[in-house]
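Undergrad: Below you'll find the structure I mean.
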Amino acid sequence: MLTRLSVLAQAETSDKKNLYPHLNELIVGVIAFAILFFFMWKWVLPRVNDLLEERRRKIQGELERAESTRVEADGMLADYRAQLANARDEGNRIIEEARQTAEQLRHDLQARAEQESESIVSRAQEEIRAERDRVFQELRQQVGEIAVELAGRVVGQSLDKASHERLIDEYIDQVATGDHEKG
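Residues in the sequence shown are numbered consecutively from 760, following our numbering.
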């Protein structure tokens with residue numbers, strides 16, 4: 760049986776007429792192609808076109824959203840940079856104000872310290888004058904008492920205290936003014 764099949768297969772394939780399709784096969788093929796082409800043209804191609812158009816619109820929308828997002832990001836970046844520059848300027852302004860305030864405070868403290876030192880020196884000078892006057896008065900009183908006592912010993916009698924004090928005060932005034940050589 761095998762041999763018979765192989766002989767038959769060799770006999771059929773050796774004919775040239777078997778190499779080309781038969782007319783009825785060609786007609787069925789053309790009709791099937793026309794039906795398939797019509798079906799593809801009527802239903803499949805529009806659906807594929809719709810799918811491609813939908814895909815194109817989706818990609819276009821995504822590109823537009825990406826572009827708007829990029830523009831928005833650029834705007835936000837510019838705003839951020841402007842805010843950063845403003846913050847730097849504000850920081851520099853605050854530092855400058857603080858420096859000026861510190862300088863003014865230093866000047867105020869220095870002026871106040873100078874005023875206090877002047878008032879301390881003035882009070883000290885007044886205290887020194889008051890102390891000098893007090894000491895001068897005590898010295899005048901002691902000198903007067905000593906002079907009255909010495910005059911009383913020299914004269915041998917007691918002088919009137921009021922007249923002696925008057926004479927002593929006059930003499931001390933002359934000494935204080937520098938006119939002691941006249942008397």
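Just so you know, even glycine gets a beta-carbon here, dropped at the ideal spot from N, CA and C.
Helix, strand or coil, according to DSSP, for P805 in the structure here?
TA: Within the sequence shown, the letter at position 46 stands for residue 805. Here P805 sits in helix by DSSP.
Undergrad: Residue range of the alpha helix (DSSP H) that H923 falls in?
TA: On the sequence shown, position 164 is the one that residue 923 refers to. That run of the alpha helix (DSSP H) goes 920-936.
Undergrad: Since L795 is in the alpha helix (DSSP H), which residue starts that stretch and which ends it?
TA: Here residue 795 refers to the residue found at position 36 of the sequence shown. L795: member of the alpha helix (DSSP H) spanning 782-798, first to last residue.
Undergrad: Just to confirm before moving on: does the CB-CB distance between I931 and V902 stay below 9 Å?
TA: In the sequence shown, counting from the first residue as 1, residue 931 sits at position 172. In the sequence shown, counting from the first residue as 1, residue 902 sits at position 143. Yes. Within cutoff.
Undergrad: Quick check: what's the CA-CA separation for A791 versus K817?
TA: Within the sequence shown, numbered from 1, the residue matching residue 791 stands at position 32. Within the sequence shown, numbered from 1, the residue matching residue 817 stands at position 58. Near 36 Å, if we compare the C-alpha coordinates of K817 and A791.
Undergrad: Would you say the segment 891-898 touches the segment 865-873, given that touching needs at least three Cβ pairs under 8 Å?
TA: With a cut-off of 8 Å, the segment 865-873 and the segment 891-898 do not count as touching, because too few Cβ pairs lie within range.
Undergrad: Reducing DSSP to helix, strand and coil, say where Y779 ends up.
TA: Taking the sequence shown and counting its residues from 1, the one referred to as residue 779 is at position 20. The answer is coil: DSSP assigns Y779 none of H, G, I, E or B.
Undergrad: If you draw a straight line from the C-alpha of L804 to the C-alpha of G788, how long is it?
TA: Start at 1 with the first residue of the sequence shown, and residue 804 comes out as number 45. Start at 1 with the first residue of the sequence shown, and residue 788 comes out as number 29. Spanning the two alpha carbons is a distance of roughly 21 Å.
Undergrad: Any idea if I927 is buried or exposed, counting beta-carbon neighbours within 10 angstroms, 16 or more meaning buried?
TA: Position 168 of the sequence shown holds residue 927. With 16 or more other Cβ atoms within 10 Å, it is buried.
Undergrad: Are the Cβ atoms of H923 and A906 separated by less than 9 Å?
TA: Locating residue 923 in the sequence shown gives position 164, counting from the first residue. Locating residue 906 in the sequence shown gives position 147, counting from the first residue. A contact, by the Cβ cut-off of 9 Å.
Undergrad: Determine the direct distance from the alpha carbon of E821 to that of R829, and round the result to whole angstroms.
TA: As a working note, residue 829 is residue 70 in the sequence shown. As a working note, residue 821 is residue 62 in the sequence shown. R829 and E821: Cα-Cα distance of roughly 12 Å.
Undergrad: Straight-line CA distance for M835 to I854?
TA: Indexing the sequence shown from 1 puts residue 835 at position 76. Indexing the sequence shown from 1 puts residue 854 at position 95. For M835 and I854, the distance between alpha carbons rounds to 28 Å.
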